[in-house]
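Contents: one structure, followed by commentary.
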Amino acid sequence: MASVARLVKLGRCRNVVVVAGAGISTASGIPDFRTPGTGLYANLEQYKLPYPEAVFSIDYFSDDPLPFFSLAKALYPGHHRPNYIHYFVRMLHHKGLLLRVYTQNIDGLERLCGIPEDKLVEAHGSFRTASCHLCYTSYPAAEAQAAIMSDQVPVCSFCAATVKPDVVFFGEDLPQKYFLHAEDFPKADLLIIMGTSLQIEPFASLVNTVRSTVPRLLLNRHAVGPFQRVPLRRGDHMELGDLEVTVRRLAQMLGWSGEIEELMSTQETQRRPGSRSGRMLASPGVSGRGGSSPPPLKTGHSEEEKKEAA
Numbered sequence: 001m002a003s004v005a006r007l008v009k010l011g012r013c014r015n016v017v018v019v020a021g022a023g024i025s026t027a028s029g030i031p032d033f034r035t036p037g038t039g040l041y042a043n044l045e046q047y048k049l050p051y052p053e054a055v056f057s058i059d060y061f062s063d064d065p066l067p068f069f070s071l072a073k074a075l076y077p078g079h080h081r082p083n084y085i086h087y088f089v090r091m092l093h094h095k096g097l098l099l100r101v102y103t104q105n106i107d108g109l110e111r112l113c114g115i116p117e118d119k120l121v122e123a124h125g126s127f128r129t130a131s132c133h134l135c136y137t138s139y140p141a142a143e144a145q146a147a148i149m150s151d152q153v154p155v156c157s158f159c160a161a162t163v164k165p166d167v168v169f170f171g172e173d174l175p176q177k178y179f180l181h182a183e184d185f186p187k188a189d190l191l192i193i194m195g196t197s198l199q200i201e202p203f204a205s206l207v208n209t210v211r212s213t214v215p216r217l218l219l220n221r222h223a224v225g226p227f228q229r230v231p232l233r234r235g236d237h238m239e240l241g242d243l244e245v246t247v248r249r250l251a252q253m254l255g256w257s258g259e260i261e262e263l264m265s266t267q268e269t270q271r272r273p274g275s276r277s278g279r280m281l282a283s284p285g286v287s288g289r290g291g292s293s294p295p296p297l298k299t300g301h302s303e304e305e306k307k308e309a310a
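So for the sequence shown, UniProt numbering puts the first residue at 1; every next one is plus one.
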């Protein structure tokens, strides 16, 4: 990790791509999906699902949306705040080093900490917009949220099918913005991978698409994906343990600790409930699936992939 910090301080890394998973949000109080005993998948017995990932299966949702809606009530943005890790990524942008952050997360905390829209790819969608799961007709996100929070099922006014937030389920298309990776990863001069199991495709394979000479830094609780290889590929670096502690150490090596703390304090003070700039709930928007833009490509998620990832 120290050698990567040295490269950054020397100005050798000016197009940093960050790949992030649920592990960056656990310090905000949001459970990840796969940790035994505490992960979201470990606490779904009450829904009597055929397998845990079925809660995010579009086929299962079509038959029974209630398990996802029950889970969505806890996942909707507004209950949690960004943590130090999010603000570290924000600082990469502040320093002019962030090319893009690709996140698997649907909690919206990257956006909430101030990472700009053009620097953020929410690869698995978000709660900011909503649409019919069958015909993709847009639906007001605030109305969908209000219905779900009231234990009601939002219904499409066009075809009467169930409406859901535009969170990407297994079997659905990825957002069009995801395909920026074809430009970003070949351009990257540093790849930072944080808080992910790298088990869900096609997202997991992105880390293998940077140039072979580009350093890759894994900050995680466990070795995952290509970082399980012994010995590591030349240019690969890995720091395992508590993610927030590790990121704080990296920030200290870079000399950014004070700036991140100041940025975090300023941003969080402005967004406290009751402040004039506070935005604690997901704002309504127009579904990314509507309009004149071309339909997204298929993800290729299969039921077998879901079970293998379990």
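We put the beta carbon where it would ideally sit given N, CA and C, even for glycine. In this text, all values refer to a predicted model and were calculated from it rather than measured experimentally.
CA-to-CA distance, residue j to residue i, given in whole angstroms
{"i": "Gln228", "j": "Val153", "result": "43 Å"}
{"i": "Ile193", "j": "Leu44", "result": "28 Å"}
{"i": "Gly108", "j": "Gly11", "result": "30 Å"}
{"i": "Arg111", "j": "Gln46", "result": "32 Å"}
{"i": "Cys132", "j": "Ser138", "result": "7 Å"}
{"i": "His86", "j": "Cys13", "result": "19 Å"}
{"i": "Ser197", "j": "Val18", "result": "15 Å"}
{"i": "Arg6", "j": "Gln270", "result": "33 Å"}
{"i": "Gly195", "j": "Ala141", "result": "28 Å"}
{"i": "Pro77", "j": "Leu120", "result": "17 Å"}
{"i": "Asn105", "j": "Leu206", "result": "16 Å"}
{"i": "Pro116", "j": "Phe69", "result": "29 Å"}
{"i": "Ile260", "j": "Gly125", "result": "27 Å"}
{"i": "Pro31", "j": "Arg81", "result": "13 Å"}
{"i": "Phe179", "j": "Leu98", "result": "17 Å"}
{"i": "Ser257", "j": "Met264", "result": "11 Å"}
{"i": "Gly96", "j": "Val89", "result": "11 Å"}
{"i": "Ser157", "j": "Ile200", "result": "33 Å"}
{"i": "residue 376", "j": "Pro226", "result": "The requested residue 376 is not part of the displayed model; the chain covers only 1 to 310."}
{"i": "Gly241", "j": "Cys135", "result": "44 Å"}
CB-CB length for residue i against residue j, believed under 8 Å
{"i": "Met23", "j": "Asn220", "result": "The amino acid at residue 23 is misidentified as Met; the sequence shows Gly. 7 Å between Cβ atoms; contact."}
{"i": "Leu254", "j": "Lys9", "result": "6 Å"}
{"i": "Leu92", "j": "Val16", "result": "6 Å"}
{"i": "Val163", "j": "Phe185", "result": "The pair is not a contact, with the Cβ atoms about 34 Å apart (cut-off 8 Å)."}
{"i": "Phe203", "j": "Ala147", "result": "Not really, about 29 Å apart at Cβ, beyond 8 Å."}
{"i": "Ala160", "j": "Ala144", "result": "About 15 Å; that fails the 8 Å criterion."}
Reduced DSSP secondary structure (H/G/I, E/B, other) of residue i
{"i": "Ser283", "result": "No answer about Ser283 holds up, because its pLDDT of 27 lies below 50 and its placement is not dependable."}
{"i": "Asn15", "result": "coil"}
{"i": "Phe158", "result": "coil"}
{"i": "Met1", "result": "coil"}
{"i": "Gly96", "result": "coil"}
{"i": "Arg90", "result": "helix"}
{"i": "Asn208", "result": "helix"}
{"i": "Glu172", "result": "coil"}
{"i": "Arg233", "result": "coil"}
{"i": "Leu198", "result": "coil"}
{"i": "Tyr51", "result": "coil"}
{"i": "residue 354", "result": "Outside the modelled stretch of the chain, which goes from 1 to 310, sits residue 354, for which no answer is possible."}
{"i": "Gly21", "result": "coil"}
{"i": "Val224", "result": "coil"}
{"i": "Leu297", "result": "Here Leu297 scores only 32 on pLDDT, less than 50, and its place in the model should not be relied on; the value that follows carries that caveat. Here Leu297 sits in coil by DSSP."}
{"i": "Leu219", "result": "strand"}
{"i": "Leu180", "result": "helix"}
{"i": "Val167", "result": "strand"}
Beta-carbon proximity check, residue i vs residue j, cutoff 9 Å
{"i": "Pro215", "j": "His181", "result": "no"}
{"i": "Ala20", "j": "Tyr102", "result": "yes"}
{"i": "Phe127", "j": "Asp63", "result": "no"}
{"i": "Cys113", "j": "Gln252", "result": "no"}
{"i": "Leu243", "j": "Ala74", "result": "no"}
{"i": "Glu239", "j": "Arg249", "result": "yes"}
{"i": "Thr213", "j": "Met1", "result": "no"}
{"i": "Leu232", "j": "Val4", "result": "no"}
{"i": "Asn83", "j": "Ser25", "result": "yes"}
Test: residue i CB closer than 9 Å to a CB of chain C
{"i": "Val18", "result": "In summary, chain C is missing from the structure at hand, where a single protein chain is found."}
Original post:
Is the stretch 158–173 touching the stretch 44–62, taking contact as three or more C-beta pairs under 8 Å?
Top reply: The stretch 44–62 and the stretch 158–173 touch, with three or more beta-carbon pairs separated by less than 8 Å.
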